[in-house]
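Residues 1 to 173 (this note's numbering) are what the sequence shown spells out, left to right.
Using N, Cα and C, we set each Cβ at its ideal position, and we do this for glycine too.
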Amino acid sequence: MNRAWAAIVVVALAPMAIVGCATDPAEGYAFGTGHDAAVRTVSVPLWRNRTREPELGALLTEAIIKEINRSTPWRVADVGGATLTGVVTEASLRRLGRDTTTGLTQELAYDLAVDFTFRVGRRGRGSVIERRGFRAQGAFIPMRGAGEPIDAGRLAAVDALARDIVAELRSSW
Numbered sequence: 001m002n003r004a005w006a007a008i009v010v011v012a013l014a015p016m017a018i019v020g021c022a023t024d025p026a027e028g029y030a031f032g033t034g035h036d037a038a039v040r041t042v043s044v045p046l047w048r049n050r051t052r053e054p055e056l057g058a059l060l061t062e063a064i065i066k067e068i069n070r071s072t073p074w075r076v077a078d079v080g081g082a083t084l085t086g087v088v089t090e091a092s093l094r095r096l097g098r099d100t101t102t103g104l105t106q107e108l109a110y111d112l113a114v115d116f117t118f119r120v121g122r123r124g125r126g127s128v129i130e131r132r133g134f135r136a137q138g139a140f141i142p143m144r145g146a147g148e149p150i151d152a153g154r155l156a157a158v159d160a161l162a163r164d165i166v167a168e169l170r171s172s173w
């Protein structure tokens with residue numbers, strides 16, 4: 001008898017749970033992607049690089065394009081209904097851990113900071129998302145032997161930053 005009641009309760013509550021979900025992510029849980037439905041295409045020009053690290057702008061632009069294609073309903077185009085522009089403002093290494101016996105660095109973080117602007121609509125009309133000092137990092141182990149090259153940390157930071165930037169574009173409009 002208890003199983004029958006449990007089944008009835010589950011069947012009765014399931015539709016209420018589905019109806020309880022919001023259509024707007026700003027109002028609660030939603031089944032949609034959270035991306036602006038008015039945007040179909042996004043233009044991602046080459047990001048500028050103000051650091052001494054070569055090719056960071058190109059690496060980040062490529063990673064952002066891949067992330068947009070992977071995780072959004074948008075299509076990347078030369079001229080789009082929205083434009084994502086940005087500047088790599090800082091690239092630095094930060095020590096995360098060291099060997100207590102020798103004092104040698106065991107783990108480093110490759111730290112990146114960017115400023116970006118996402119404009120929906122042409123000629124400056126429409127929504128704008130702007131972030132300054134947006135950061136991400138990628139950890140790597142530079143130790144001799146099984147150590148990883150600095151490129152491992154750089155690529156991890158670029159990928160994390162691309163994921164975080166595209167996720168930030170889901171913010172409520």
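Among the options, which residue has its Cα nearest to the Cα of residue i?
i, options, result
"Val88", "Leu108, Thr100, Ile141, Gly133", "Gly133"
"Gln106", "Ile141, Gly126, Arg94", "Ile141"
"Ala160", "Gly145, Pro54, Leu93, Ala139", "Ala139"
"Arg163", "Pro54, Ile8, Leu59, Ser71", "Ser71"
"Thr102", "Met143, Gly121, Leu93, Glu67", "Met143"
Could you tell me if residue i is buried or exposed, where buried requires 16 or more neighbouring beta carbons within 10 angstroms of its beta carbon?
i, result
"Ala136", "buried"
"Thr100", "exposed"
"Leu46", "exposed"
"Val79", "exposed"
"Gly145", "exposed"
Does the distance from the C-beta atom of residue i to that of residue j stay below 8 Å?
i, j, result
"Gly81", "Val39", "yes"
"Gly153", "Ala109", "yes"
In chain order, what residues of the same chain have a beta carbon less than 6 Å from the beta carbon of residue i, not counting five sequence neighbours either side?
i, result
"Leu169", "Phe118"
Please work out which residues of its chain come closer than 8 Å, Cβ to Cβ, to residue i, disregarding the five sequence neighbours upstream and downstream, and give them in chain order.
i, result
"Arg75", "Arg40, Thr41, Val42, Asn69"
Can you list, in chain order, the residues of its chain with a C-beta nearer than 7 Å to that of residue i? Leave out the 5 residues immediately preceding and following it.
i, result
"Thr51", "Val88, Glu90, Ala91"
With a threshold of 7 Å, establish whether the CB of residue i neighbours any heavy atom of the ligand SAM.
i, result
"Val128", "No copy of the ligand SAM appears in this structure; indeed no ligand is present at all."
| 4 or more residues per run - each alpha helix (DSSP H) lying fully within the stretch 45-77 | For secondary structure counted as the alpha helix (DSSP H) over 4 or more consecutive residues, the stretch 45-77 holds these complete runs in sequence order: 56-71.
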